[in-house]
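Per this note's numbering, the sequence shown starts with residue 41, numbered consecutively. What follows is a single structure, written as structure tokens, with notes after it.
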Amino acid sequence: YSSFSGGDMSQRLQKQDQSFCRESGGRDGCNAVIFNIYSVSQLFLVKKREIMKRLSERRREVSLYLIFGAGTTLVNLAVYYFCAQVLQFGTVLSNSLAWALSVLFAYATNKAWVFKSSYKNLLKAAYELISFICCRLATGILDLLLMLVGVDLLHWDGMLMKIFVNVVVIVTNYAASKFLIFKAKDN
41 YSSFSGGDMS QRLQKQDQSF CRESGGRDGC NAVIFNIYSV SQLFLVKKRE
91 IMKRLSERRR EVSLYLIFGA GTTLVNLAVY YFCAQVLQFG TVLSNSLAWA
141 LSVLFAYATN KAWVFKSSYK NLLKAAYELI SFICCRLATG ILDLLLMLVG
191 VDLLHWDGML MKIFVNVVVI VTNYAASKFL IFKAKDN
């Protein structure tokens, strides 16, 4: 109790502890109560550590997902630029190649670093890759449909709609990757 500021508070707490020990059956009763309080406090500390570890893991996972997502966007832009400007491919071919390579980059980084998936079975790994590509195709279609509805039908601002749609797609891709595609970590 010496850490409390002011001797008056320290003395008051000591007196409360002494009266509590007398009321709870003397020294043995007091020790049992103190032991139970200590046990409960240790349980809370263990739970707190577990919760903090989970939060830390989620923060790491989300941070890496966003970092590699930015990398995926850079791969997409760089491949599109190279194909369209340097190789003089058409828009559809350039965009398709950019999408395909950026999806492969996203798969590799999500598998290895973000979700730490470790399938060693070739069939399971192929299923994981196909699931990832199908998910990205689905969110690509979602992106297109939301843009068509928002911009072409409702006449909302294209850039604001694109920002909103990108947020929806990123959240959907993350949820699908975490809960459907990379849900098994050790196989």
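We put the beta carbon where it would ideally sit given N, CA and C, even for glycine.
On the premise that F155 lies in contact with K218, defined as a C-beta separation below 8 Å, what is that separation, rounded to the nearest angstrom? 7 Å
Hey, how far is the Cα of A118 from the Cα of Y214? 23 Å
Classification of E168 by the beta-carbon crowding that lies within 10 angstroms, buried from 16 upward: buried
Selected residue, minimal CA-CA separation from N116, among A166, L127 and W139: W139
Beta-carbon contacts of K223 that lie in its chain and below 8 Å, excluding the five residues immediately before and after: Nothing meets the Cβ criterion.
How close, in whole Å, do the beta carbons of V209 and L182 come, if the pair is a contact with beta carbons under 8 Å? That pair is a contact at about 7 Å.
In angstroms, rounded to a whole number, what distance separates the CA positions of W153 and L133? 30 Å
Given a threshold of 16 other Cβ atoms within 10 Å of its Cβ, counted over all protein chains shown, does Y121 qualify as buried or as exposed? Counting every other CB atom within 10 Å of its CB across the protein chains shown gives Y121 a total below 16, marking it as exposed.
Rounded straight-line distance, which links the Cα of Q128 to that of R98: Cα to Cα, the separation comes out at about 43 Å.
Along the alpha helix (DSSP H) that carries N150, what are the first and last residues, could you check? It is not in any alpha helix (DSSP H) - N150 carries neither H nor E in the DSSP assignment.
Does DSSP put F129 in a helix, in a strand, or in coil? DSSP places F129 in coil when its eight states are reduced to three.
Taking its Cβ as the centre, do 16 or more other Cβ atoms sit within 10 Å of S96, making it buried, or is it exposed? exposed
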